[in-house]
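Asker: Residue numbers (my numbering), protein chains in the order written: chain C, -2 to 265; chain V, 59 to 471.
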Amino acid sequence: MRAYKPKDNVQKKPYYTDRYYVAPQVPKYDVASDEVFSSDLDAIKAKFEVKESYIQVEQMVIYINPHDIYGVLEFMRDELQYTQLSELSAIDFLAKSGEFEIFYQMLSMTKRRRIRVKYFIKQGQAVDSVEKLFRSADWSEREMFDMFGIEANGHPFMKRILMPYDWQGYPLLKTYPLQGDEFAAWYEVDKIYGKEAREEIGPELRDTARVDRYDSQRFARLGHEVPKGTEITGNEPKNPQEYQEEGGVFMVKKFDKASSKVIDDPQR
Amino acid sequence: MAQVTNRLTPFFENITFDREDNEVVLNFGPQHPSAHGQLRLMLHLQQEQIVKAHPDVGYLHRGMEKMAENMIYNEFMPTTDRMDYIASSSNNYGFALAVEKLIGLEVPRRAKVIRMLLLEINRLMSHLFWLATTALDIGAMTVFLYAFREREYLMDIIEGYCGARLTHSAIRIGGVPLDIQDSFLHQLRIFLNKFPQDIKDYEDLLDTNRIWLMRMEEVGTISTEMALSWGCTGPMLRASGVAWDIRKEEPYELYDEVEFNVPFSDKGDNFARYRIYMEEMRESAKILYQCIDMYEKCVKDGQTELMAHSPKYISAPKLDIMTQNYSLMQHFVLVTQGMRPPVGEVYVATESPKGELGYFINSQGDAYPYRLKLRAPSFWHTGILTDLLPGHYIPDVVSIIGTTNIVFGEVDR
């Protein structure tokens, strides 16, 4: 029987699993244990609904409602001095719960604190753009769209950023294989020659370490090249390659190993 | 193979080059020597003045975040080298620190000192590279040659340590794999004694140079609000009036034990950034002197451990692996299956030479990270060109790209 491979997550899996292994947790601390965080949290809670909050690895994490995000970030920027949006992206939990988790990494330079604001959205749902608040979200949201297909409402230029504009598929989804899908494999061929040329050209060899010993055109037989079409016997004479012209070049001396001096003191 | 009719036609993504108005669309890059890599800038010009800039990135996209989801943690370390390949140890370090925070490891002091030595040497290498290439873009060939000479010396020291010049992979999760070689401190001291004079040489060539000043002063001015809004970090932010250095404000390693200043300026133009790079080199040299003393104290105190002791996550020292059965078994499991950090999330920011280098790791308790987000500073330093370039003239583009110090291994990841 073939091994069962889940289709909703095609990323690499460990080949050995210990079914009695229970993964430990990174400790989560109560927000009350930090004065600055707890006062910030109270201020946010007074205006918006906070579903969950805790401190993990020195940073506070809060979960909010998706439609509150613009308001929360604006409030944090203007009232709580979280003046920089360091990072913004998504995590694909589609296989587990059919949702994306979106996180916003906020930094306050005056308080020296970092807060991660999070919420879940369903597949196909769009997020509210915060590009008006933080210009850095312009590129981050484009990257999120590029990698996950999550659109941001109100974004001025919702186009792909890292992948080509005409790319199909969203590379960071768990359903997207590491080697790429069919579209990726034939991207250049389809674009330049058309789909009908696929058979004629053949798949691209992506293994860079592959060496074809019968390929005399691609220098696979360096030093033992044969003219094209000639039968290869394996007993071709070595054809040493000299990297200096006959008679020498002006001002350049031929390297002579015997007369060269070797400096053996590494300290110089 | 039969000859196929070539249907290759220019593909300009809906940009019309014939226009009714007086605007010219100039395609700057992706193969432009002063684009510092694979940056394609589409510039809309009125005469020589830029009215709209559209940076297009992604020509070096290798999908590192995707690769990380398919690799065990230790496997990913060499990949991080390829982000900011000018200072690869700082990338290694950021990743190592993030994983260490995730699993809650304490690194031995001697390893910390070695890491700091590497980090600061990397900062010097990166800043020297920045100075050399930017000066070359502006036309100052001599500075290029001088700065590369010093960088070469540093690369030799690093090469002696880890065998590589650019892609170091010199830091491991839990410490460092090797002690520094015997000649390391000696060579570093020779360098550091000479270095202040070198910086002065560069400054003599540039500081009052009329061409340099014309290309740098009051060009590419970034206001504080703009820098904060665009997520600028590192020298870009410090040149715009915010004295924020993660080494100082959220100290990691032993940065709270060393003395150094955080240079900043409120000008925000190219020249301010240039000055900050020069001052930072001086500060780095200061830190390196202190690190040498710290290292020698470690040797004197007999602290020899280089890797953290945590059998669940980190392999035992080589001697134990070769002599003790249980260590060998642990090592085998960790190499073949990889460590499994606890379930949780971490975002760790470090001050790389370019700015805030952040690693966000979401672990679901597997040997592979569930999600790894690389927060590379250059990404936003490229994005800011959209707002920064309009109003400037074509020659300013080169100097502005130069002082933003973007590296495309990092932008595209």
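A virtual CB, placed ideally from N, CA and C, is assigned to each residue, including glycine.
From this set, C:L38, C:H152, C:D125, C:S35, which residue's C-alpha is nearest W136 (chain C)'s C-alpha?
Answerer: C:H152
Asker: Along the region 145 to 165 of chain C, where does the CB come closer than 7 Å to a CB of chain V? Name the residues.
Answerer: Within the region 145 to 165 of chain C, the qualifying residues are I158, L159, M160, Y162.
Asker: Give the range of the alpha helix (DSSP H) segment to which P113 (chain V) is assigned.
Answerer: No alpha helix (DSSP H) holds P113 (chain V); the beta strand (DSSP E) holding it covers 107 to 114.
Asker: Quick check on K4 (chain C) - is its C-beta less than 7 Å from some C-beta in chain V?
Answerer: no
Asker: Please state whether the Cβ-Cβ distance between G152 (chain V) and Y347 (chain V) is less than 7 Å.
Answerer: no
Asker: Kindly say whether N463 (chain V), judged by its beta-carbon, lies nearer than 7 Å to any beta-carbon of chain C.
Answerer: no
Asker: By Cβ distance, which residues of its chain are closer than 6 Å to E468 (chain V), with the 5 residues on each side in sequence left out?
Answerer: M141, D142, A434, S436
Asker: Using DSSP with H/G/I as helix, E/B as strand and the rest coil, what is N236 (chain C)?
Answerer: coil
Asker: Does the beta-carbon of Y211 (chain V) have 16 or more other beta-carbons within 10 angstroms, so that it is buried, or is it exposed?
Answerer: buried
Asker: Give the residues of chain V in contact with M106 (chain C), contact being defined as C-beta atoms less than 7 Å apart.
Answerer: V300, W302
Asker: Based on the DSSP secondary-structure assignment, which residues constitute the bridge partners of M365 (chain V)?
Answerer: Secondary-structure assignment with DSSP links M365 (chain V) through a beta bridge to V:G233.
Asker: Taking 8 Å as the cut-off, does the region 102 to 110 of chain C touch the region 80 to 89 of chain C (at least 3 CB pairs, one atom from each stretch)?
Answerer: yes
Asker: Cα-Cα, which of V:E106, V:D237, V:D259 is closest to T200 (chain V)?
Answerer: V:D259
Asker: If you draw a straight line from the alpha carbon of K250 (chain C) to that of I419 (chain V), how long is it in whole angstroms?
Answerer: Going by the C-alpha atoms only, they are around 55 Å apart.
Asker: Is M103 (chain C) helix, strand or coil by DSSP?
Answerer: strand
Asker: Looking at chain V, is there any beta carbon in it that lies within less than 7 Å of the beta carbon of Q22 (chain C)?
Answerer: The C-beta of Q22 (chain C) comes closer than 7 Å to at least one C-beta of chain V.
Asker: Taking the alpha carbon of K9 (chain C) as the point to measure from, which residue in C:E55, C:T172, C:R16 has its own alpha carbon closest?
Answerer: C:T172
Asker: Using beta carbons (cut-off 7 Å, strictly below), is Q395 (chain V) in contact with chain C?
Answerer: yes
Asker: Give the single residue among V:D237, V:T225, V:W438, V:E217 whose Cα lies nearest to the Cα of V356 (chain V).
Answerer: The sequence shown places Cys at residue 356 (chain V), not Val. Selected option, being the one with the closest Cα: V:D237.
Asker: Helix, strand or coil for A43 (chain C)? Go by DSSP, reduced to three states.
Answerer: helix
Asker: So H119 (chain V) contacts chain C; which residues on that side make the cut at Cβ distance below 8 Å?
Answerer: Ordered by position in chain C, the residues that pass the 8 Å Cβ test against H119 (chain V) are L159, M160.
Asker: Classify P166 (chain V) as buried or exposed, calling it buried when 16 or more other Cβ atoms lie within 10 Å of its own Cβ.
Answerer: buried
Asker: With distances taken Cα to Cα, identify the nearest neighbour of I444 (chain V) among V:V404, V:I459, V:L430.
Answerer: The identity of residue 444 (chain V) in the sequence shown is Thr, whereas the question assumes Ile. Nearest of V:V404, V:I459, V:L430 to T444 (chain V), Cα basis: V:I459.
Asker: Return the bridge partner residues of T408 (chain V) from the DSSP annotation.
Answerer: V:L415
Asker: Compare the beta carbon distance of R113 (chain C) and F100 (chain C) with 7 Å and say whether it is the shorter of the two.
Answerer: yes
Asker: When burial is assigned at 16 or more other CB atoms within 10 Å of the CB, is D262 (chain C) buried or exposed?
Answerer: exposed
Asker: Please go through the region 62 to 129 of chain C and give each complete alpha helix (DSSP H) segment of 4 or more residues, from N-terminal end onward.
Answerer: Qualifying alpha helix (DSSP H) stretches, in chain order: 66 to 75, 91 to 94.
Asker: Report all residues from its chain with a CB closer than 7 Å to the CB of Y116 (chain C); omit the five preceding and five following residues, and keep chain order.
Answerer: Close CB contacts of Y116 (chain C) within its chain, under the 7 Å cut and outside five residues either way in sequence, are with Y60, I61, N62, P63, I66, I99 (chain order).
Asker: Only counting the same chain, and skipping five residues up and downstream in sequence, which positions put a Cβ closer than 6 Å to that of I452 (chain V)?
Answerer: E106
Asker: Taking C-beta pairs closer than 8 Å, name the residues in chain V that Q102 (chain C) reaches, listed in chain order.
Answerer: Within 8 Å Cβ-Cβ: Y405, G416, F418, R433.
Asker: Ordered along the chain, which non-local residues of its own chain (more than five positions away) have a Cβ less than 7 Å from that of L66 (chain V)?
Answerer: Below a pLDDT of 50, predicted positions are generally treated as unreliable, and L66 (chain V), at 49, falls in that range; the measurement from the model is reported next regardless. Answer for L66 (chain V): no residue qualifies.
Asker: Considering only their Cβ atoms, is the gap separating I196 (chain V) from R268 (chain V) smaller than 7 Å?
Answerer: no
Asker: Under 8 Å by Cβ, that's how I've got Q245 (chain V) and I215 (chain V) pegged, so tell me the actual separation to the nearest angstrom.
Answerer: 5 Å
Asker: Taking 7 Å as the limit between beta carbons, can you name the residues of its chain near M59 (chain V), skipping five residues before and five after?
Answerer: Low confidence applies here, because M59 (chain V) scores a pLDDT of 38, under 50, leaving its location unreliable and the question unanswered by this model.
Asker: Nearest chain V C-beta to K44 (chain C) closer than 7 Å, yes or no?
Answerer: no
Asker: Straight-line CA distance for T14 (chain C) to E140 (chain C)?
Answerer: Cα to Cα, the separation comes out at about 34 Å.
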